[in-house]
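S.K.:
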Amino acid sequence: MSVHTPPSAASTTAVPASARPGYRADLDGVRGLAIALVVVFHVWFGRVSGGVDVFLALSGFFFVGSLLRVAESGAPLDPWPVLKRVGRRLLAPLVLVLAGTTIAALVLLPFPQWDRVAEQTRASLLFVQNWELARTAADYLAADPMVSPLQHLWSIAVQGQFYLAALIVVFASAWLLRRAQIPVRVPLTVLLSLITVASLAYASFSTTPQTWLYYDSAARVWELTLGAVLVCISPWLRAPKLVRSGLGIVSLAILFACGFALDGNAHFPGPWALVPVGAAMALVVAGATPGVTGPDTPTARFLSSAPLIRLGSIAYALYLWHWPVLIGYLLLRDRPSVGFAGGVVVIGISLVLAEATTRFIETPIRRSVPGLWRTTLVAGLALTGVALIASTTGWIAHVDRTVSHFSHSARPDPDLYPGAAAIGLPEVEHQPVYPPLIVAADDLPPATIDGCIAQHTNREALTCVYGDPMSTRRMVLAGGSHSEHWLAALDALGREQGFRLDTYLKVGCPLSDPNADLTEDSPTFECDSWSVKVLAELAAYPPDVLFTTSTRTKDPGEGPGDFTPFWYVELWETLADYGIPVVAIRDNPWLIDNEVQYNASDCLASGGTAESCGVDRAVALDPVDPALEAAAHLPSVTLLDLTDSLCRQDVCRVVEGNVLVYRDDDHLTTTYVRTLTPDLGRQLGAATGWW
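Going by the UniProt record's numbering, the sequence shown opens with residue 1, and the numbers climb by one from there.
Pasting the structure below:
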């Protein structure tokens, strides 16, 4: 999100826009149009519009342009004035928004989510929010109440990192070239061009998962350096008015269509991001008129209109406010989308907050003449920033200590915490829910704790051994996280009944048998590559039985119940050809309400009960296990169904026998899985004939 107009990025005094030499109103209009696209597409369409990519390109254009003017002027290459100016302009509104969002989060969000907000608040203040989101593999998709209110700040982090790196690169290059008495512009253009090509190549051809690339500074920097290259070569760019007029019209049309035509979340910052970035850079060129003051093309006049210029002037603050306001509205209304009227409300509130922030915070702090109001603002916001850092760090440390205590504590007394054994029996004596809600997300299966589940960047057939390693009977547990969360019970049964348990697990990847050739462009390439390697190992060293899942809950919007995907059946047929028997278990119900998935711990922390936070059994599951029909032609497949150990007759509760059933919205806690061991053992023993 660009926060610099061409003059103010380098100047130290506040000057009316119309009086600034070289000021181009149309570029403020480009920023206004970009923020309008960002807000409209986020609020009403749940899509990436390309507007953020435009901001990144303009940031590179403006910021490197200001540094280049200093480098070419012969002025001292002092970074401190630049750092102070950029720091004040970026941090002041950011601290205000983070403080407001933190207060709102304390009021609106259940306490298990405070840790996530605290981590992202601290990351945003330190300009590493993009790496925090990449680490947690957050998808920048349509807003819903479970999405972080600070998710949009990844782009501010990328810009902050770029500003620091650009300052070092440009001033260091200028210092060296001054000593050699070489003009700085051409060598800097070459250097920035090389960085642009390298970054774009990485974004285009890297095998890194898209959920990481989207936030990766190395994959994003080309968008900023492309703008920097353009400002370097701008003195040499000349085009007739007719050409510039046509270029402007085409570029404007492309920007308007980008959000509808391209899935930016899936394809940016790869080569498809050249569409919005290229259109923005073309608008810069199309509006350039050496020797002429004022816009002289249709698009330049449109972009210089008062509404767009005003939007451009509040673009930074509007970008900061619109997303937390949107998430807050969804939380208050408890809806998955805002609708037209709600969107108008969200945009209206965001505009008011952005205007107030710009007028009373950002603009006074930009002024070079110190005054009481500015001094008070800077001091107050600085103290607020320090308080945010201290409080978020303290809360994160508290949660970490709680998690550490939980991980090292003894397992709960089965008489007080019977878990699944309590279903069908009179109510057991009430005890505090275990695991505690604040650490529920950390009640993880052994494979995750041991590093034995392949992460997004790992396509190798990672395997680990559980159960009885010395047994000659060998079972393989294969699939994604919904196979993994049965590991605790299977491990216990393996040690008890004497069988070896080998795992082949990968995050987000049920084992499959790819029918088509593997291509990098395929959305399932990551999982398919892993599956091919696992199947090769299974064919070379067949287990006595393979354990996996047989169904999954239908996605929100596809109706109630569960189903057996066709690729599950294709896998079973392939394994039958290998002579490998399959034991497949019906997946657990997922927590979905009004087409939005929700966390059990959040619902309970908000005052819900084990039953009110649960899901109707008839909504979550079909009356008859759909895998029965899907596997009817395969005698090599034996089906297990522990639904009656997860659900009561009418409802699947989130707490049974004082044990929390779910660690999030669709995965079981390891504590509850352990209480399922006897029920799983009875069905698995009959299926394998081993006991």
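Where is the CB? At the ideal position from N, CA and C, for every residue including glycine.
Since this is a predicted model, take the numbers as computed values, not measurements.
Per DSSP, which residues does Y466 bridge with? Please list them.
M.R.: L501
S.K.: Please work out which residues of its chain come closer than 6 Å, Cβ to Cβ, to K533, disregarding the five sequence neighbours upstream and downstream, and give them in chain order.
M.R.: A461
S.K.: Measuring only the C-alpha atoms, how far is Y202 from P271?
M.R.: 10 Å
S.K.: Does A92 pass the burial test, meaning 16 or more other C-beta atoms within 10 Å, or should it be called exposed?
M.R.: Taking a 10 Å sphere around the C-beta of A92, we find 16 or more other C-beta atoms and assign the residue as buried.
S.K.: Can you name the start and end residues of the alpha helix (DSSP H) that T393 belongs to?
M.R.: 372-408
S.K.: Spatial neighbours of W691 within its chain, please: CB distance less than 6 Å, with the 5 preceding and 5 following residues excluded, ordered by chain position.
M.R.: Beyond the five residues adjoining it in sequence on each side, W691 comes within less than 6 Å, by CB distance, of Q497, G685 in the same chain, given in chain order.
S.K.: Tell me the residue span of the beta strand (DSSP E) that contains G480.
M.R.: Here G480 belongs to no beta strand (DSSP E), and DSSP marks it neither H nor E.
S.K.: State the Cα-Cα distance for the pair residue 717 and Q120, rounded to the nearest angstrom.
M.R.: As displayed, the chain neither begins before 1 nor continues past 691, which places residue 717 out of reach and without an answer.
S.K.: Would you call the segment 51-62 and the segment 336-351 in contact, with 3 or more CB pairs under 8 Å?
M.R.: Taking a cut-off of 8 Å on C-beta distances, the segment 51-62 does not touch the segment 336-351, as fewer than three cross pairs fall below it.
S.K.: Please name the residue, chosen from L331, A280, V186, L90, that lies closest to C603 on a Cα-to-Cα basis.
M.R.: L331
S.K.: Which class does T208 belong to by DSSP, given the choice of helix, strand or coil?
M.R.: coil
S.K.: Exposed or buried, what is T357 when buried is set at 16 or more other beta-carbons lying within 10 Å of its beta-carbon?
M.R.: buried
S.K.: So, using beta-carbon positions, are L67 and V221 closer together than 7 Å?
M.R.: no
S.K.: Between the C-alpha atoms of P324 and E484, what's the straight-line distance to the nearest angstrom?
M.R.: 34 Å
S.K.: How big is the Cα-Cα spacing for residue 701 and D616?
M.R.: Residue 701 lies beyond the stretch modelled for the chain, which goes from 1 to 691, so this question has no answer here.
S.K.: So what's F547 in DSSP terms, helix, strand or just coil?
M.R.: strand
S.K.: Taking P542 as the reference, give the member of T564, F566, D513, G579 with the closest Cα.
M.R.: Nearest option by C-alpha distance: G579.
S.K.: Please identify the residue among I314, G380, T363, L262 whose C-alpha is closest to the C-alpha of V352.
M.R.: I314
S.K.: Once DSSP output is grouped into helix, strand and coil, what is the label at T671?
M.R.: helix
S.K.: Just grab the DSSP bridge partners of C452 for me.
M.R.: In the DSSP assignment, C452 forms no beta bridge with any residue.
S.K.: May I ask you to report which of helix, strand or coil DSSP gives R459?
M.R.: coil
S.K.: Are A627 and T564 closer than 7 Å when you measure CB to CB?
M.R.: yes
S.K.: Using a Cβ cut-off of 7 Å (strictly closer), state whether V654 contacts chain B.
M.R.: Checking the listed chains, one finds no chain B in this structure; it contains a single protein chain.
S.K.: By the 10 Å Cβ neighbour count, where 16 or more other Cβ atoms means buried, how is H482 classified, buried or exposed?
M.R.: buried
S.K.: State the Cα-Cα distance for the pair S245 and D26, rounded to the nearest angstrom.
M.R.: 13 Å
S.K.: Give a yes or no on whether the C-beta atoms belonging to F406 and V439 are separated by under 7 Å.
M.R.: Yes, these two residues count as a Cβ contact at 7 Å.
S.K.: What residue does the beta strand (DSSP E) around V95 start on, and which one ends it?
M.R.: Looking at the DSSP string, V95 is not in any beta strand (DSSP E); the run it does join, the alpha helix (DSSP H), is 79-108.
S.K.: Based on Cα-Cα distance, which residue from V30, A166, S529, D622 lies nearest to G559?
M.R.: D622
S.K.: Can you tell me whether G689 is buried or exposed, with buried defined as 16 or more other CB within 10 angstroms of its CB?
M.R.: Classification of G689: exposed, given that the 10 Å Cβ count is below 16.
S.K.: Would R474 be called buried (16 or more neighbouring beta carbons within 10 Å of its own) or exposed?
M.R.: buried
S.K.: If you run the structure through DSSP and keep just helix, strand and coil, what is A134?
M.R.: helix
S.K.: What does the Cβ neighbour count give for L141, buried or exposed, with the cut at 16 atoms within 10 Å?
M.R.: Note that L141 scores a pLDDT of 40, beneath 50, so its modelled location is shaky; the value from the coordinates is reported in the next line. Burial call: exposed.
S.K.: Pull up the distance between the alpha-carbon of V54 and that of V275, whole angstroms please.
M.R.: 10 Å
S.K.: By a C-beta neighbour count over all protein chains shown, 10 Å radius and 16 as the cutoff for buried, is K506 buried or exposed?
M.R.: buried
S.K.: Going by CA-CA distance only, name the one from P183, Y598, S645, F499 that's closest to M470.
M.R.: That would be F499, whose Cα lies nearest to the Cα of M470.
S.K.: How would you label Q181, buried or exposed, when you count the other beta carbons within 10 angstroms and need 16 or more for buried?
M.R.: exposed
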